[in-house]
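For what it's worth, UniProt numbering labels the leading residue of the sequence shown as 1, then goes sequentially. Take a look at the structure below.
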Amino acid sequence: MTTATTDKDSTVRALVTQWTSMDELLSSLPEDAWSTPSALPGWTVQDIVSHVIGTESMLEGEQAPEPDVDVTSLPHVRNDIAAVNEHWVLALREHTPARMLDRFRDIVSRRIEALRAMSQEDFDAPSWTPAGQATYGRFMRIRLFDCWLHEQDIRDAVGMPGNQEGPCAEGALEEIVGALGYLVGKRAEAPDGSRLTIELTGPVSRTLHVAVDGRASVVPELSGPATSTLRLSSDLFTRLAGGRVSPEEHLTEVDVQGDAELGAQVVRNLRLTI
């Protein structure tokens, strides 16, 4: 169980900034853009917004609507969380874009009020999260990652890039960094003794190191030369972690130095989302 403290004030500020950015994006979309297919199977731009509305609504104690169809029969619904998400998507699919924007603003304003009223002790309290039992603050960090990534999904679908750097992008990146040891050690099966460096070239610039000593973990610096070094943009890194793009189709966009086989294996196993 994760018990590390997540600073309440900075996390709430980041969420407010994130929801404000999404509001500005949605407000700028022409009505027909809401029906644009996204990279998420089965979902349009409007469906992504429905998912965000639904999750925040449930955090305010609202139950997911019961659909008239068995959502588990849909090919893109692969687990219980996805099934609940789909309940909201189906329930809001007939809403107009204007009504969707009203609902988004309503639930976001209520969430901001609720979050600001919470104490640091409330953030440190045990809570279920999509990553397992942890704290409520940890859940809010995941919400920042999820909302930021979904804003990028919308921007990719409509061809309007933005919000790729700054506190929201940095916060989303931290969620991936927290899982990097698992992704490199367990998923990519990097052998014991391996040393990996990941250089993110922007818009968020960061140098990350992972050492495998019995288990893989993120470290401030390596004790020796890197077995493999990967250089790629933070945009590609977050999309790989989010499962938004095929690793095989983007391997040539990653500059791998050193052990090319290990580097490619890591790229193929960066997916964090379920």
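Idealized CB from N, CA, C, for every residue including glycine.
Subject >> For T135, the three-state DSSP class (helix, strand or coil) >> reply: One-based indexing of the sequence shown puts residue 135 at position 135. Residue state, collapsed to three classes: strand.
Original post:
CA-CA distance, N85 and G166?
Top reply: Here residue 85 refers to the residue found at position 85 of the sequence shown. Here residue 166 refers to the residue found at position 166 of the sequence shown. Going from the Cα of N85 to the Cα of G166 covers about 28 Å.
**OP:** Find out if the Cβ-Cβ distance for the pair V45, A157 is shorter than 8 Å.
**Re:** Working through the sequence shown from its first residue, we reach residue 45 at position 45. Working through the sequence shown from its first residue, we reach residue 157 at position 157. Contact flag set, yes.
Original post:
Run through DSSP, which three-state label would E165 get?
Top reply: Along the sequence shown, one-based indexing puts residue 165 at 165. Correct three-state label for E165: coil.
Original post:
Among H87, P41, T17, which one has its Cα closest to the Cα of P67?
Top reply: Position 67 of the sequence shown, counted from the first residue, corresponds to residue 67. Nearest C-alpha to P67: H87.
**OP:** List the whole-angstrom C-beta distance separating L230 from I198, where the pair is believed to meet the contact cut-off of C-beta under 8 Å.
**Re:** Taking the sequence shown and counting its residues from 1, the one referred to as residue 230 is at position 230. Taking the sequence shown and counting its residues from 1, the one referred to as residue 198 is at position 198. In this structure L230 is in contact with I198, their Cβ atoms being roughly 5 Å apart against a cut-off of 8 Å.
**OP:** Please list the segments of the beta strand (DSSP E) lying wholly inside the stretch 43-80, counting only runs of 3 or more residues, in order along the chain.
**Re:** For the stretch 43-80, not a single whole beta strand (DSSP E) run of length 3 or above is found.
Original post:
At which residues does the alpha helix (DSSP H) containing L183 begin and terminate?
Top reply: Taking the first residue of the sequence shown as position 1, residue 183 is located at position 183. In this chain, L183 is not harboured by any alpha helix (DSSP H), its DSSP state being neither H nor E.
Subject >> Reduced DSSP category for S233 - H, G, I as helix; E, B as strand; rest coil >> reply: Along the sequence shown, one-based indexing puts residue 233 at 233. Coil at S233, not helix or strand.
Original post:
Which residue's Cα is closest to the Cα of residue 279: T96, H95, R93, V69?
Top reply: The requested residue 279 does not occur in the structure, where the chain is confined to residues 1 to 274.
Subject >> Where the alpha helix (DSSP H) containing V245 begins and where it ends >> reply: Indexing the sequence shown from 1 puts residue 245 at position 245. Note, V245: premise wrong, no alpha helix (DSSP H); not H, not E.
Subject >> Helix, strand or coil at L25 [DSSP, three-state] >> reply: For the purposes of this step, residue 25 is identified with residue 25 of the sequence shown, where counting begins at 1. Here L25 sits in helix by DSSP.
Subject >> CB of L25 within 8 Å of CB of R143, strictly >> reply: The count along the sequence shown starts at 1 and reaches residue 25 at position 25. The count along the sequence shown starts at 1 and reaches residue 143 at position 143. Not in contact: L25 and R143 (Cβ atoms no closer than 8 Å).
Original post:
Roughly how many angstroms separate the alpha carbons of A4 and S205, rounded to a whole number?
Top reply: Taking the sequence shown and counting its residues from 1, the one referred to as residue 4 is at position 4. Taking the sequence shown and counting its residues from 1, the one referred to as residue 205 is at position 205. Roughly 25 Å separates the two Cα atoms.
**OP:** Look at the alpha carbon of D213 and the alpha carbon of A33, and state the distance between them as a whole number of angstroms.
**Re:** In the sequence shown, counting from the first residue as 1, residue 213 sits at position 213. In the sequence shown, counting from the first residue as 1, residue 33 sits at position 33. The alpha-carbon atoms of D213 and A33 are separated by roughly 49 Å.
**OP:** Quick one: measure Cβ to Cβ for R110 and E189, integer angstroms, because I've assumed they're closer than 8 Å.
**Re:** Along the sequence shown, one-based indexing puts residue 110 at 110. Along the sequence shown, one-based indexing puts residue 189 at 189. Actually they do not touch by this definition, with Cβ atoms about 44 Å apart.
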